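First comes the structure, then the notes that go with it.
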Amino acid sequence: MSILLRPSSSPSLCSSLKLFRLSSPDSLIDAAVLRNRTKPSQSFRMEVVSSNSTCLSSISVGEDFPAEYEQWLPVPDPESRRRAGVLLHPTSFRGPHGIGDLGEEAFRFIDWLHSTGCSVWQVLPLVPPDEGGSPYAGQDANCGNTLLISLDELVKDGLLIKDELPQPIDADSVNYQTANKLKSPLITKAAKRLIDGNGELKSKLLDFRNDPSISCWLEDAAYFAAIDNTLNAYSWFEWPEPLKNRHLSALEAIYESQKEFIDLFIAKQFLFQRQWQKVREYARRQGVDIMGDMPIYVGYHSADVWANKKHFLLNKKGFPLLVSGVPPDLFSETGQLWGSPLYDWKAMESDQYSWWVNRIRRAQDLYDECRIDHFRGFAGFWAVPSEAKVAMVGRWKVLCLIH
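The working numbering applies: residue 7 is where the sequence shown begins, and numbers increase by one.
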């Protein structure tokens, strides 16, 4: 292992960096954790490289550590302190309408975390899930799941009337069909009232819509949803060629015919964003960081691929050449065939990875920190021919994004 250490007493970083290559990770623990120990628990070899000289030394059990060893121990970083937290997706809150939401239970959970000394709340991806309810195969990489919008919070904002809310139901698990039936019409009604209004909330909606960091993905998502809602095709690959390839005249026609749908879509995303940021700000005041989750890949039938075809390995007709997965292991004899289109990293590099920059910027907008699922895919990935039925016929592809 190689560990870069910086001494706290050095006035110059460049002149004092030293690299320790240790033959055993336990040797670092000996010195860094048990600072009062003067002898190693096992033999190891240490190579010290500095701007002035390079020296090699071997240390055996029973021998003293060299005097300079402790001087160059890593300095504890306050940000790397041990923390405790809980993984709980908002859908799992006790919700009154078939699903957990961003209402009272979210704030109660944050209070509970604070009272127990927990400082991290980890969530799954907040995106709209697939038909099976999985947020790891979501319908969009940047949009929020609008079923998480709290109807009670919409009442507080004056967008719904208390008497309009359905009777609470008691459910032990999420029922997306029930939640969609109970909540979606009311969320749409609230969004329409927001659009028709003229108050401060309407002004914030316009600011949200015009924010470049939001509009760079929101507009594509809204158009994609409008077309998908109109055609109801299996995937965008089956759309008429002008829509499939985003001809300007075709998109203008969609806006003219689907303007209300597009405006409502954007308003609903604003309502999700407003409620989530309210939860996040409360968590921050309570000393709780929110850790998000980002799947490394995105679904094929999504605005992410439709609007950014050049960034994915697609053939001339727009169909994936290779798809994602993992090879056979103890978990699965045939591997796992995820089926997401793979990135064209050379194309992404040509525009300085703007797609990823925008995606990570969106994560920073939602979370205090974020985990990238299958992070090792930045170093190498399992590529499976798109026509394959099992993942075991795939091949490893090396990627040098991580050094």
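Cβ coordinates follow ideal geometry from the N, Cα and C atoms, glycine included.
As the structure is a prediction and not an experimental result, all values here were calculated from the model.
Identify, in the order they occur along the chain, each residue of the same chain with its Cβ nearer than 6 Å to the Cβ of residue i, setting aside the five sequence neighbours on each side.
i	result
Q279	none
A227	D146, C149 and A309
K195	none
G106	P96, T97, S98 and F99
Y419	This structure cannot settle anything about residue 419, because the visible part of the chain is limited to 7 through 409.
A231	F271
D136	A143
A353	K316 and H317
R89	S125 and V126
Looking at C-alpha atoms only, which residue of the options is the closest neighbour of residue i?
i	options	result
I175	A394, A369 and P102	P102
Y306	A143, D117 and W127	A143
L326	F337, W344, S338 and L336	Looking at the sequence provided, one finds Pro at residue 326 rather than Leu. Closest option to P326, Cα to Cα, is W344.
L207	L192, Y182, E170 and K162	K162
E393	T122, D169, K352 and S346	S346
P134	H317, F271 and S121	F271
L160	W361, G138 and S190	S190
T97	L130, A231, E339 and Q358	L130
Q292	L93, V180, H120 and E110	H120
V180	S221, D202, G138 and L165	G138
L405	M297, D169 and E355	E355
L200	W362, A273 and D136	A273
L237	I260, R215 and C222	I260
W127	A231, Y182, E287 and D169	E287
D234	S209, K210, F267 and D217	F267
L317	W362, K210 and G298	Residue identity differs from the one stated: residue 317 is His in this sequence, not Leu. Checking every option, the nearest Cα to that of H317 belongs to W362.
D269	D217, A197, K210 and G298	A197
Near residue i, what residues of its chain come up, given a Cβ to Cβ distance below 8 Å and the 5 sequence neighbours on each side ignored?
i	result
L188	H103, G104, P172 and I175
S219	N364, R367, R368 and D371
P248	S255 and A256
R377	Q128, M297, G298, D299 and M300
When burial is assigned at 16 or more other CB atoms within 10 Å of the CB, is residue i buried or exposed?
i	result
Y240	exposed
S140	exposed
K403	exposed
N204	exposed
W118	exposed
P46	Confidence at P46 is low in this model, with a pLDDT of 41, below 50, so its placement is unreliable and no value can be given for it.
S156	buried
L212	exposed
I167	exposed
L328	buried
G298	buried
Pull up the distance between the alpha-carbon of residue i and that of residue j, whole angstroms please.
i	j	result
P334	A397	8 Å
K395	W245	25 Å
I116	T184	27 Å
H95	L108	11 Å
H380	M300	9 Å
Y373	G91	15 Å
L320	Q275	29 Å
L153	Q281	12 Å
Y349	N186	33 Å
D295	L132	16 Å
S263	R252	16 Å
R87	R290	17 Å
F384	W351	10 Å
I193	N151	12 Å
V285	D202	26 Å
E110	R215	27 Å
R114	E375	21 Å
L277	L336	44 Å
S338	R382	19 Å
A414	D158	Since the displayed the chain opens at 7 and closes at 409, residue 414 lies outside it and no answer follows.
L93	S125	12 Å
E170	G164	12 Å
K210	S360	27 Å
Q358	Q283	29 Å
So, for residue i: in the same chain, excluding its five sequence neighbours on each side, which residues have a beta-carbon less than 7 Å away from its beta-carbon?
i	result
G331	G341, Q342, L343, W344, W388, V390, A397 and G400
L257	Y229
W242	K250, H307 and W312
T122	none
A177	G104
K315	G324
C222	N364
Please give the ranges of any alpha helix (DSSP H) in the region 155 to 183, keeping only runs that are unbroken, at least 4 residues long and fully inside the region.
157 to 162
Please specify which runs of the beta strand (DSSP E), each continuous and at least 3 residues long, are wholly inside the region 269 to 333, giving them in chain order.
Correct list: 295 to 301 and 328 to 332.
Would you mind listing the alpha helix (DSSP H) stretches within the region 207 to 254 that are 4+ residues and don't spill past its ends, in chain order?
Listed in chain order, the alpha helix (DSSP H) elements of length 4 or more contained wholly in the region 207 to 254 are 218 to 237 and 247 to 250.
Please list the segments of the alpha helix (DSSP H) lying wholly inside the region 345 to 390, counting only runs of 4 or more residues, in order along the chain.
351 to 356 and 360 to 372
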